[in-house]
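Chemist:
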Amino acid sequence: MAYARTSDGIRVHYEVLGRASAPPVLMIQGLGADKHGWDMQRYVFAAKYRVIALDNRGAGRSDKPFGHYSLEQMADDAIAVLDACGVDSAHVIGASMGGAISQIVAVKYPERVRSLTLVCTACRNHPWRRELLEGLDLDDADMVDVPAAFEGDLDAALASSRQLGLEGVVAKRASSPYRSTRSRDWLKMKSDPEADFAICGYTPPKGSRNGIGALHWIEPELVVQVRYREWPVDSALRFPVFVRLRPDKTPHECGMPLRHTGEGGGDGEGDLAAVFDEPVVDDRPAIVPDPDLFDPVTDPVDDTDPGRLPDASALEVDAPIRELRLTRLHKVFWPEEQITKGELIEYYRAVAPAILPYLKDRPTVLTRYPDGITGEMFFQKDMPGWIPPWLRTTTLWSEHSQREIHYVLVDDADGLAYVANLGSIPIHCWASRTTSLEKPDWAIVDLDPKNAPREWVVPLALAIHALCDDVKLPNYVKTSGQSGLHVLIPLGGQCTFEQARTLAYLIGLLVERQHPDMATTNRNPAARGGRVYLDWGQNAHGQLLVAPYSVRPVAGAPVSMPLEWPEVVPDLDPKVFHLRNALARIAARAHDPCLPVLDERPDLAAALVELERHAKDG
DNA sequence: GAGGCAG
DNA sequence: CTGCCTCAACGCTCC
DNA sequence: GGAGCG
168 MAYARTSDGI RVHYEVLGRA SAPPVLMIQG LGADKHGWDM QRYVFAAKYR VIALDNRGAG
228 RSDKPFGHYS LEQMADDAIA VLDACGVDSA HVIGASMGGA ISQIVAVKYP ERVRSLTLVC
288 TACRNHPWRR ELLEGLDLDD ADMVDVPAAF EGDLDAALAS SRQLGLEGVV AKRASSPYRS
348 TRSRDWLKMK SDPEADFAIC GYTPPKGSRN GIGALHWIEP ELVVQVRYRE WPVDSALRFP
408 VFVRLRPDKT PHECGMPLRH TGEGGGDGEG DLAAVFDEPV VDDRPAIVPD PDLFDPVTDP
468 VDDTDPGRLP DASALEVDAP IRELRLTRLH KVFWPEEQIT KGELIEYYRA VAPAILPYLK
528 DRPTVLTRYP DGITGEMFFQ KDMPGWIPPW LRTTTLWSEH SQREIHYVLV DDADGLAYVA
588 NLGSIPIHCW ASRTTSLEKP DWAIVDLDPK NAPREWVVPL ALAIHALCDD VKLPNYVKTS
648 GQSGLHVLIP LGGQCTFEQA RTLAYLIGLL VERQHPDMAT TNRNPAARGG RVYLDWGQNA
708 HGQLLVAPYS VRPVAGAPVS MPLEWPEVVP DLDPKVFHLR NALARIAARA HDPCLPVLDE
768 RPDLAAALVE LERHAKDG
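Quick note on numbering: the first sequence equals residues 168 to 785 in my numbering.
(1) So, under 8 Å CB-CB, Leu166 and Leu655 are touching, yes? Tell me the CB distance rounded to an integer number of Å.
(2) Taking 6 Å as the limit between beta carbons, can you name the residues of its chain near Val718, skipping five residues before and five after?
(3) List the DSSP bridge partners of Trp384.
(4) Using the C-alpha atoms, what's the distance from Val713 back to Ala519?
(5) Among Met550, Asp613 and Ile512, whose alpha-carbon lies nearest the alpha-carbon of Ala587?
(6) Taking only runs that begin and end inside the stretch 521-551, name each unbroken beta strand (DSSP E) of 3 or more residues, in chain order.
(7) Below 8 Å, how does it come out for the stretch 595-609 and the stretch 617-625: are there three or more Cβ pairs, yes or no?
(8) Along the beta strand (DSSP E) that carries Val654, what are the first and last residues, could you check?
(9) So, Gln705 versus Asp613, is the Cβ gap smaller than 8 Å?
(10) Just reading off the beta strand (DSSP E) that Ile753 is part of, what are its end residues?
(11) For Ile611, which of helix, strand or coil comes out of DSSP?
(12) In terms of residues, what are the limits of the beta strand (DSSP E) holding Cys596?
(13) In the DSSP assignment, the alpha helix (DSSP H) including Val586 goes from what residue to what residue?
(14) Of the residues Val577, Pro537, Ala220 and Ala667, which one's Cα is nearest the Cα of Lys508?
(15) In the DSSP output, which residue or residues are listed as bridge partners for Ala194?
(16) Flag this pair as yes or no: are the beta carbons of Arg217 and Val183 separated by less than 8 Å?
(17) Please name the residue or residues paired with Thr562 in a DSSP beta bridge.
(18) Quick one: measure Cβ to Cβ for Arg698 and Ala619, integer angstroms, because I've assumed they're closer than 8 Å.
(19) May I ask which residues mark the beginning and end of the beta strand (DSSP E) holding Leu670?
(20) Are Thr687 and Glu679 touching if we call contact CB-CB under 8 Å?
(21) With DSSP collapsed to three states, give me the class of Glu513.
(22) Have a look at Gly648 and Cys761 and give me their C-alpha separation to the nearest angstrom.
(23) Could you check how far apart the C-beta atoms of His549 and Thr601 are, in whole angstroms? I think they sit under 8 Å.
(24) For Asn691, count the other beta carbons within 10 Å of its own beta carbon; 16 or more makes it buried, fewer makes it exposed. Which is it?
(25) Can you round the beta-carbon distance between Ala580 and Arg516 to whole angstroms, since I take them to be within the 8 Å contact cut?
Here it is in structure tokens:
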């Protein structure tokens with residue numbers, strides 16, 4: 168999400184989707200736009216056009232259309248955004264009040280407008296719209312509903328959405344407003360594919376089920392139509408649903424249907440060109456999602472073995488469905504590298520086997536960046552009631568806020584994908600587990616160079632390593648993901664946070680004494696004087712660790728990477744491990760060098776005696 | 001990112 | 001019917 | 001006691 172600043176300091180948010188070479192479309196979201204339907208349009212259009220979407224929700228607190236921020240000013244802002252995108256002229260689509268702005272754009276800057284489309288279903292009876300139409304001497308007939316492009320051709324609309332990897336399309340009554348709850352007026356039309364299959368067998372019904380239970384092996388005779396979510400290569404259908412018998416078909420007519428690849432039958436179906444007054448000539452593949460990236464339609468949502476044979480349970484009708492809805496996969500989270508939210512989700516799903524051992528049973532805090540690394544962020548500890556029922560949480564009492572907090576526990580790849588879909592970039596977890604919340608599994612010394620020379624971090628980390636080895640404390644190292652290093656010492660839940668903090672402080676003090684020129688344990692930034700801060704203070708109740716393999720919300724999408732100590736050499740550059748190459752490194756190694764930190768139980772009393780000896784000797 | 005709710 | 005709000009927190013030091 | 005720090 169980029170933004171332009173207007174002359175009076177109001178921020179105008181906009182988003183650019185689609186290929187730069189495609190015909191440009193300026194979409195202006197107005198007060199009458201509904202959230203979901205409009206977003207859907209935005210992505211449908213991005214298949215064929217370069218969509219520049221303006222969002223006046225970020226325009227500030229005084230952006231009421233008839234307040235000091237006038238419709239005319241909004242129209243000027245729209246032109247400013249076109250300029251910022253280097254676009255001379257565009258097809259302009261306006262939603263509700265955005266339609267009003269669009270019309271002003273067309274009147275004031277006709278040379279910038281190739282065509283004008285007004286989307287007004289959402290606020291057909293809005294008094295402002297009524298006022299506007301009268302003021303501009305227009306009537307309803309001048310307004311075009313974008314969904315009308317699909318009218319009478321739901322198949323084309325569904326094919327288009329399938330081609331884009333969308334879940335489906337939303338159909339609504341023209342007169343019905345947006346409401347957050349389900350209603351008869353807003354129907355989600357899923358684009359799940361269907362195919363005809365010959366029945367080879369069935370299982371008896373279980374429990375209270377009528378008729379048949381599941382279908383599997385006998386001489387093929389009957390044909391059924393089945394809807395399914397996906398058909399993994401060499402495996403059974405996922406989420407198959409019996410639709411109807413096909414008495415009109417024989418088993419021989421059941422050829423292999425086109426596999427559901429998410430790319431549909433190619434270009435042309437669900438064509439939106441009719442909305443505009445000029446044909447679209449760019450016929451290159453119009454799929455916005457990178458085909459190498461995660462696709463919610465074709466990629467399995469669990470880790471079941473894809474090589475297994477179909478069995479009765481796989482064909483069970485109404486099998487419990489774990490819904491994992493992934494949204495806005497094309498949204499750019501790292502503008503410089505054009506890394507999308509879809510790629511972030513794909514990374515976390517792929518890295519799940521490596522990261523999950525660290526997250527098991529640990530209260531997890533989300534650090535959410537719904538608009539990517541340049542947008543606003545917020546922390547989230549308390550998970551709301553509407554999270555999917557399969558996501559495990561643990562309820563802890565917060566002394567500070569005097570209420571219960573429902574922390575999420577990330578158990579599996581789906582859980583990771585879910586939190587990533589919420590815009591969580593780094594994953595933060597507690598040092599202790601639900602089984603023993605006041606006893607941490609590790610102590611951490613965070614080497615944070617900040618204003619110190621980067622190259623001082625390595626010798627100091629090695630000094631901590633040598634000291635720990637000497638007092639027989641196991642110790643492990645990972646990059647923080649930014650410029651520092653994290654040294655982790657396993658505690659095996661044998662001591663309190665206060666004791667862990669004291670241990671980390673003692674180690675910090677001893678290393679500071681060895682290298683007073685390079686290291687400091689002083690918490691006051693002003694007193695650090697360009698030295699590396701050995702941060703021992705993160706060992707406390709509720710303090711968080713950036714989990715190994717977490718992505719950081721900074722340019723380059725670096726990840727926190729566990730290292731072998733021999734890798735900690737002077738020219739170590741923590742930035743070399745990032746979202747796009749971390750998986751290759753992990754796959755190339757047999758073991759995770761930090762993993763033992765989760766299980767080891769060193770003799771802490773003996774180590775403390777040794778540390779005291781060091782303190783005296785120094 | 002998404003539900004709740006004031007106006 | 002729309003826009004806006006909310007979404008964390010510990011232990012320490014400095015002022 | 002409140003703001004700042006990570």
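Virtual Cβ for every residue (Gly too), placed ideally from N, Cα, C.
Nothing here was measured: the structure is a model prediction, and the numbers come from that model.
Modeler: In short:
(1) Outside the displayed range of the chain (168 to 785) lies residue 166, so it cannot be described from this structure.
(2) Locating residue 718 in the first sequence gives position 551, counting from the first residue. Excluding residues within five positions, the ones whose Cβ falls inside 6 Å are Ile592, Ala724, Val726 and Leu746.
(3) Stepping through the first sequence from its first residue, residue 384 is reached at position 217. Answer by DSSP bridge pairing: none, since Trp384 is not bridged.
(4) One-based indexing of the first sequence puts residue 519 at position 352. One-based indexing of the first sequence puts residue 713 at position 546. Answer to the nearest angstrom: the Cα atoms are 15 Å apart.
(5) Residue mapping note: residue 587 aligns to position 420 of the first sequence, counting from 1. Of the candidates Met550, Asp613 and Ile512, the one whose C-alpha sits nearest the C-alpha of Ala587 is Ile512.
(6) The beta strand (DSSP E) runs of length 3 or more contained entirely in the stretch 521-551 are, from start to end of the chain, 531-535 and 545-547.
(7) They do not touch, by the three-pair rule.
(8) Numbered from 1 along the first sequence, position 487 holds the residue referred to as residue 654. Going by DSSP, Val654 is part of the beta strand (DSSP E) stretching over Leu652 to Pro657.
(9) Sequence index remark: in the first sequence, residue 705 carries index 538 (1-based). Sequence index remark: in the first sequence, residue 613 carries index 446 (1-based). Yes, the Cβ-Cβ distance between Gln705 and Asp613 is below 8 Å.
(10) Counting from 1 along the first sequence, the entry for residue 753 is found at position 586. Counting along the chain, Ile753 falls outside any beta strand (DSSP E), though it belongs to the alpha helix (DSSP H) covering Ala749 to Ala754.
(11) Along the first sequence, one-based indexing puts residue 611 at 444. Three-state result, Ile611: strand.
(12) Against the first sequence, residue 596 aligns to sequence position 429. Counting along the chain, the beta strand (DSSP E) containing Cys596 begins and ends at Ser591 to Trp597.
(13) On the first sequence, position 419 is the one that residue 586 refers to. Unbroken alpha helix (DSSP H) run through Val586: Ala580 to Asn588.
(14) Position 341 of the first sequence holds residue 508. Nearest of Val577, Pro537, Ala220 and Ala667 to Lys508, Cα basis: Pro537.
(15) Residue mapping note: residue 194 aligns to position 27 of the first sequence, counting from 1. The sequence shown places Met at residue 194, not Ala. Beta-bridge pairing by DSSP links Met194 to Ala220 and Ile260.
(16) To locate residue 217, count along the first sequence from 1; it is residue 50. To locate residue 183, count along the first sequence from 1; it is residue 16. Yes, they are a contact pair.
(17) Position 395 of the first sequence, counted from the first residue, corresponds to residue 562. The secondary-structure analysis by DSSP pairs Thr562 across a beta bridge with His573.
(18) Position 531 of the first sequence holds residue 698. Position 452 of the first sequence holds residue 619. With 8 Å as the limit, Arg698 and Ala619 qualify as a contact, their Cβ atoms being about 5 Å apart.
(19) Taking the first sequence and counting its residues from 1, the one referred to as residue 670 is at position 503. Looking at the DSSP string, Leu670 is not in any beta strand (DSSP E); the run it does join, the alpha helix (DSSP H), is Phe664 to Gln681.
(20) By 1-based counting over the first sequence, the position of residue 687 is 520. By 1-based counting over the first sequence, the position of residue 679 is 512. In this structure, Glu679 lies closer than 8 Å to Thr687 by Cβ.
(21) As a first step, residue 513 is located in the first sequence; it is residue number 346 there, counting from the start. Three-state DSSP puts Glu513 in a helix.
(22) In the first sequence, residue 648 corresponds to position 481, counting from 1. In the first sequence, residue 761 corresponds to position 594, counting from 1. Spanning the two alpha carbons is a distance of roughly 15 Å.
(23) Numbered from 1 along the first sequence, position 382 holds the residue referred to as residue 549. Numbered from 1 along the first sequence, position 434 holds the residue referred to as residue 601. Checking the sequence, you will find Asp at residue 549 rather than His. That pair is no contact at about 16 Å.
(24) Here residue 691 corresponds to residue number 524 of the first sequence, with the count starting at 1. By the Cβ-count criterion, Asn691 is exposed, with fewer than 16 other Cβ atoms from all chains shown falling within 10 Å of its own Cβ.
(25) As a working mapping, residue 580 is identified with position 413 in the first sequence. As a working mapping, residue 516 is identified with position 349 in the first sequence. Contact between Ala580 and Arg516 holds, since their C-beta atoms are separated by about 5 Å, short of 8 Å.
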